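*Asks:* One structure coming up, written as structure tokens, with questions to follow.
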Amino acid sequence: MEAYKNILSKRDSRSYSGQEISDEVLQRILQAGRMAGSSKNTQPWGFIVIRGDEQKASIAACGDFAQHVPNAPLVIGVVLTPGGSGFDAGRAAQNMMLAAWDEGITSCPVALHHRECAVEALGLPEDHAPAMLLAFGYPESEESRHRGVTRNAMDDIVHQERW
Ligand SMILES: Cc1cc2nc3c(=O)[nH]c(=O)nc-3n(C[C@H](O)[C@H](O)[C@H](O)COP(=O)(O)O)c2cc1C
Numbered sequence: 463m464e465a466y467k468n469i470l471s472k473r474d475s476r477s478y479s480g481q482e483i484s485d486e487v488l489q490r491i492l493q494a495g496r497m498a499g500s501s502k503n504t505q506p507w508g509f510i511v512i513r514g515d516e517q518k519a520s521i522a523a524c525g526d527f528a529q530h531v532p533n534a535p536l537v538i539g540v541v542l543t544p545g546g547s548g549f550d551a552g553r554a555a556q557n558m559m560l561a562a563w564d565e566g567i568t569s570c571p572v573a574l575h576h577r578e579c580a581v582e583a584l585g586l587p588e589d590h591a592p593a594m595l596l597a598f599g600y601p602e603s604e605e606s607r608h609r610g611v612t613r614n615a616m617d618d619i620v621h622q623e624r625w
């Protein structure tokens with residue numbers, strides 16, 4: 463899939479078929495996250511691969527809108543090491559989701575609203591921060607790929623020279 467088509471067609475999906483994601487594909491997804499640029503190349507992240515049912519349920523309980531997490535065959539927790547910013551985490555996360563989509567795997571970022579819960583569930587050192595969960599899976603059907611929400615018009619978001 464060409465990059466532009468991949469980017470434009472990627473939508474966040476919350477229902478997944480039971481098909482497992484192979485280790486080979488998982489490695490490509492992680493490699494895409496690893497290669498993201500970061501401020502001063504600090505690479506302030508770690509990725510936690512979660513495939514066990516018990517751990518999926520534990521971490522899903524730390525988000526208010528994480529009902530689909532237990533049904534995803536693969537979940538990756540994006541963790542920020544000290545000094546990292548949300549922008550860094552976002553770059554790595556989007557890289558992983560786009561790489562997955564190129565393999566036909568859909569995904570959805572999931573916020574961890576309850577920080578202490580996530581720190582505990584993920585076993586994080588005190589100075590590390592849970593940034594985001596990413597749920598991955600092959601689409602259940604064509605329709606389940608996304609909810610069909612739209613984007614703001616180009617004219618409403620693009621400004622020339624000044625706001
Ligand atoms: C920072 C961030 C947090 C999000 N948190 C959640 C979440 O907790 N649960 C969820 O189902 N979707 C979550 N999403 C997905 C958004 O709802 C989704 O990106 C948006 O509705 C656009 O969906 P689309 O790409 O399918 O059009 C999150 C997205 C972002 C960028």
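One rule links them: number in my numbering = place in the sequence shown (from 1) + 462.
Glycine included, each C-beta is placed from N, C-alpha and C at the ideal position.
Just so you know, these numbers come straight off a predicted model, no measurement behind them.
#1: Does the stretch 578-590 come within contact of the stretch 480-497, defined as at least 3 CB pairs closer than 8 Å?
#2: Can you tell me where the beta strand (DSSP E) holding W507 begins and where it ends?
#3: Can you tell me which residues form a DSSP beta bridge with G539?
#4: Within its chain, find whatever has a CB closer than 6 Å to the CB of G610; leave out the 5 residues flanking it on each side and keep chain order.
#5: Looking at K502: is its Cβ nearer than 8 Å to the Cβ of M559?
#6: Return the Cβ separation of E565 and V487 in integer angstroms, given the expectation that the two are a contact with Cβ distance under 8 Å.
#7: Could you tell me if the beta carbon of F527 falls within a distance shorter than 7 Å of some heavy atom in ligand 1?
#8: Near P535, what residues of its chain come up, given a Cβ to Cβ distance below 6 Å and the 5 sequence neighbours on each side ignored?
#9: Out of curiosity, what's the CA-to-CA distance linking S477 and A522?
#10: Output yes or no for whether 8 Å exceeds the beta carbon distance between V540 and L596.
#11: Suppose you measure from the CA of W507 to the CA of N533; what does that come to, to the nearest Å?
*Replies:* Checking against the coordinates, here is how it stands:
#1: no
#2: One-based indexing of the sequence shown puts residue 507 at position 45. W507 to I512 is the extent of the beta strand (DSSP E) around W507.
#3: Locating residue 539 in the sequence shown gives position 77, counting from the first residue. Answer is I510 and L595.
#4: Position 148 of the sequence shown, counted from the start, is the residue given in the question as residue 610. Answer for G610: no residue qualifies.
#5: Translated into positions along the sequence shown, residue 502 becomes position 40. Translated into positions along the sequence shown, residue 559 becomes position 97. Not in contact: K502 and M559 (Cβ atoms no closer than 8 Å).
#6: Against the sequence shown, residue 565 aligns to sequence position 103. Against the sequence shown, residue 487 aligns to sequence position 25. Contact flag correct, Cβ pair sits at about 5 Å.
#7: Along the sequence shown, one-based indexing puts residue 527 at 65. Yes, ligand 1 has a heavy atom inside 7 Å of this Cβ.
#8: If you number the sequence shown from 1, residue 535 lands on position 73. E482, I483 and G599, listed in sequence order.
#9: For the purposes of this step, residue 477 is identified with residue 15 of the sequence shown, where counting begins at 1. For the purposes of this step, residue 522 is identified with residue 60 of the sequence shown, where counting begins at 1. S477 and A522: Cα-Cα distance of roughly 15 Å.
#10: As a working note, residue 540 is residue 78 in the sequence shown. As a working note, residue 596 is residue 134 in the sequence shown. Yes; because the gap between Cβ atoms is below 8 Å, this pair is in contact.
#11: Taking the first residue of the sequence shown as position 1, residue 507 is located at position 45. Taking the first residue of the sequence shown as position 1, residue 533 is located at position 71. If I take the Cα positions, the gap works out to 25 Å.
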